[in-house]
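Enquirer: Every position in the first sequence, counted from 1, becomes a number in this note's numbering once 35 is added.
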Amino acid sequence: MKDIVIHLLAQAVATLQKQGRLDESAAQSISVERTKDPGHGDFSSNLAMKLAKQVNTDPRELAQKILAELPQSEVIEKAAIAGPGFINFYLRKCAYLSLIAEIREQGINFGNSDVGHGQRIMVEFVSTNPTGPLHVGHGRGAAYGDALARVLRAAGYDTHSEYYINDAGRQMEILAVSVWLRYLELCGKEIQFPENAYQGSYVRDLAAKLKDKAGKSYCIDTSELFKALPDAKEESIDRLISRCRSHLGDKDFRALFDVGCDAMVNDIRQDLAEFGVVFQAWFSERSLLDKGDIDKSIKTLEENGHIYEKDGAKWFRATDFGDDKDRVVLRANGAHTYFASDTAYHYNKAERGFDKIINIFGADHHGYIKRLQASFEALGNSPERLKFLIVQFAILYRGGEKISMSTRSGEFVTLRDLRDEVGNDAARFFYVLRKPDQHMDFDLDLAKSQSSDNPVYYIQYAHARICSVFRQLEEKGMPTLKDATPNYALLKASQEFDLLKTLSRFPEVVESAASGFEPHQVAYYLRELANVFHTYYNAHPFLSSEDDVRLARLGLIDATRIVIANGLGMLGVKALEKM
RNA sequence: GCGCCCGUAGCUCAACCGGAUAGAGCAACGGCCUUCUAAGCCGUAGGUUACAGGUUCGAGUCCUGUCGGGCGCGCCA
């Protein structure tokens, strides 16, 4: 609908350009907004104000000239100059009426567009180490990333979502050792469980599972195991890892490692699936290692002259690309760093040909961005292809107290806990209601106790109410919409036009949410739509009106139902038919 | 110390690449159920957009500085 106004302005500008009264760049300044104040009409443009500077005239005078060249349109009732030089457009009411049929015809596709032009875009998110269950902090990234992927799809981007599994690093070895120690404990051995190993109870569960499956085949005499460990915690656990590996041998160690890794990955996958977050691909870090991609990308960097050696390690000259420090890719002990595998992963992404590669990071990883952009560019890729979005922390409060969380210490509220307590829909909506770069206070008591007046229910309720009307319609044996062609011109109430106007905005909201990577816009829009609907519902009866009016109204609320369902779908929230 | 993010009503948050009188929800107060779900609707009240400068027709939005909060600054991931 906005496009119509833009098109009209473009024609006026073209005419003025032909007359030599505007220069060629003028068309770029065309922008049209929805008005906030109905007194300013339906749409507004600040075009004259923008151009006045270039042409060096009075904005209102220029607006007058534009207005004079504006072609006639059957949807425009009038266009007028207001304030410092705005051009306001007032639409004919009938312009909105055709929308109802359009929405009902397009159904679940209404709101979709082609602004993405099928551009291939990849979104990677969550990607936590599979060393423990997801906690509520990860939930925000999951809800945001998934909603973003859905919004991008709706806007016509060929969107691929992916989870990167860090299944090759030291953290996973620590998990393996943690499981092994708990397992030894179950075998009746005396153990000392390091405080920097994984403390969570799920480690004991994994150990029990291992014992059920493998009996005592991983059991050893532990009398020497804890002797002469270094005082430094990190060195100490590294020593335990190597002792574990030499006791069990590479093959059994790998098996032990896989027990922990597979269990955690499956757990995360299922957790996310229950949360409505489904990835198109799960990409294994180890697969990069096995294929030699990590060595390959280090070698490529080396060939391009971006690598030097110092203190027995290989360093990437990240400072040449704007990072504040150079970064190690290959440690003196021969192990590659996390950064090295991530570099290889992003090289792999680039090779897969995505036009845009989006990474959603938690705020705690933002220091990592510069070096990744650096290596991405150093490998010959255009830095514009790689985009990082930061999701700020959700700070948890319980009983007014901030909860500190750490995976290692095992003190955290899991995403699963949250879902059990407040429900999937409320949890997802709560997360996605905040724009990602805003710090977020997540009061658990509030989320739980307020679950009945969480905004998501407000929207779902609007949907359920509409469904209920249609159920009653059938129960009463009244004529349905099925074979009817309602006369929408019978809609005259102000609430009906408020609703129509709000419905007409939906495609614009989706486009804007996609282009700004801000799915929360859809959430706020839905709240507004629900409010306009509830107001209408309270003001006018649908079923008791005359036949032809009733059919027109039913068509309108059917369109409303479709838009609510489509919008909720983009946020991964269910549209309930009954509440 | 350096870097990134943030600061908007009592609380939690919006504000569409700088636009017109800064908006919602919760909490508070006052109304609305013989009629399609009151998980709803209507109204009232609530603000020097942290602070100080600057840029311009116009700033919550852009620039500089100050204060306050979060996060990061490893041959960890």
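Where is the CB? At the ideal position from N, CA and C, for every residue including glycine.
1) Alpha carbons only, please: which of Ile276, Ile597, Met299 and Asp297 is nearest the one belonging to Phe288?
2) From Asp359 to His474, what distance separates their C-alpha atoms?
3) Is it buried or exposed for Gln408, if we count other Cβ within 10 angstroms and need 16 for buried?
4) Short check: CB of Ala594 to CB of Leu134, under 9 Å?
5) Decide yes or no for the touch test of the stretch 549 to 559 against the stretch 599 to 610: beta carbon pairs closer than 8 Å, at least 3 of them.
6) If you count every other CB in all the chains shown that lies within 10 Å of the CB of Ser252, and 16 or more means buried, which is it?
7) Cα-Cα, which of Ala130, His42, Leu525 and His381 is closest to Glu581?
8) Taking the continuous beta strand (DSSP E) assigned at Ser196, which residues delimit it?
9) Can you give the Cα-Cα distance for Ala130 and Tyr571, rounded to whole angstroms?
10) Nearest by alpha-carbon distance to Lys511: which of Ser484, Thr520, Ser579 and Lys483 is it?
11) Can you tell me which of Asp149, Asp533 and Glu259 puts its alpha carbon nearest to the alpha carbon of Thr194?
12) What are the start and end residues of each continuous alpha helix (DSSP H) run of 4 or more residues lying completely inside the stretch 125 to 196, in chain order?
13) Quick one: what does DSSP say Met475 is sitting in, helix, strand or coil?
14) Sort out for me which residues DSSP pairs Asn123 with in a bridge.
15) Once the 5 residues before and after Asn522 are set aside, which same chain residues still bring their CB inside 8 Å of it?
16) So, do the stretch 345 to 357 and the stretch 389 to 409 have three or more beta carbon pairs nearer to each other than 8 Å?
17) Between which two residues does the beta strand (DSSP E) holding Arg433 run?
18) With C-beta atoms as the reference, is Val608 less than 9 Å away from Val457?
19) Using 8 Å as the Cβ pair cut-off and three pairs as the minimum, do the stretch 256 to 267 and the stretch 173 to 183 touch?
20) Compare the C-alpha of Ala190 against each of Arg205, Gln154, Gly327 and Leu219 and name the closest.
21) Rounded to whole angstroms, what's the CA-CA distance from Phe568 to Ser196? Just pull it up for me.
22) Please tell me whether Glu320 and Gly397 are closer than 9 Å, where the distance is taken between their beta carbons.
23) Consult DSSP for Ala348 and reduce its assignment to one of helix, strand or coil.
24) Taking the alpha-carbon positions, what's the Arg451 to Ile392 distance?
25) In three-state terms, what does DSSP make of Lys71?
Expert: Working from what's here:
1) Nearest of Ile276, Ile597, Met299 and Asp297 to Phe288, Cα basis: Ile276.
2) CA-to-CA, the gap between Asp359 and His474 works out to about 26 Å.
3) Residue environment for Gln408: buried (at least 16 other C-beta atoms within 10 angstroms of its C-beta).
4) Yes, they are a contact pair.
5) Touching, yes, given that three or more Cβ pairs across the two stretches are closer than 8 Å.
6) Per the 10 Å Cβ criterion, exposed.
7) Measuring from the Cα of Glu581, the nearest candidate turns out to be Leu525.
8) Segment Asp193 to Ile200, the beta strand (DSSP E) holding Ser196.
9) Rounded to the nearest angstrom, the two C-alpha atoms are 20 Å apart.
10) Residue Ser579 is the option with its Cα nearest to Lys511.
11) Distances from the alpha-carbon of Thr194 to those of Asp149, Asp533 and Glu259 put Asp149 closest.
12) Segments of the alpha helix (DSSP H) lying fully in the stretch 125 to 196: 129 to 141 and 171 to 189.
13) The answer is strand: DSSP assigns Met475 an E or B state.
14) Bridge pairing for Asn123: Ser79 and Ala115 [DSSP].
15) When the five nearest sequence neighbours on each side are left out, the beta carbons in the same chain lying within less than 8 Å of the beta carbon of Asn522 are those of Asp583, Leu586 and Ala587, in order along the chain.
16) Remark: three or more beta-carbon pairs, one from each stretch, lie closer than 8 Å, so the stretch 345 to 357 and the stretch 389 to 409 are flagged as touching.
17) Annotation: the continuous beta strand (DSSP E) that includes Arg433 extends over Ala429 to Arg433.
18) No, the Cβ-Cβ distance between Val608 and Val457 is not below 9 Å.
19) No, the stretch 256 to 267 does not touch the stretch 173 to 183.
20) Here the closest residue by C-alpha is Gln154.
21) Whole-angstrom Cα-Cα distance: 34 Å.
22) No. Outside cutoff.
23) Residue state, collapsed to three classes: strand.
24) Roughly 29 Å between the two C-alpha positions.
25) Residue state, collapsed to three classes: coil.
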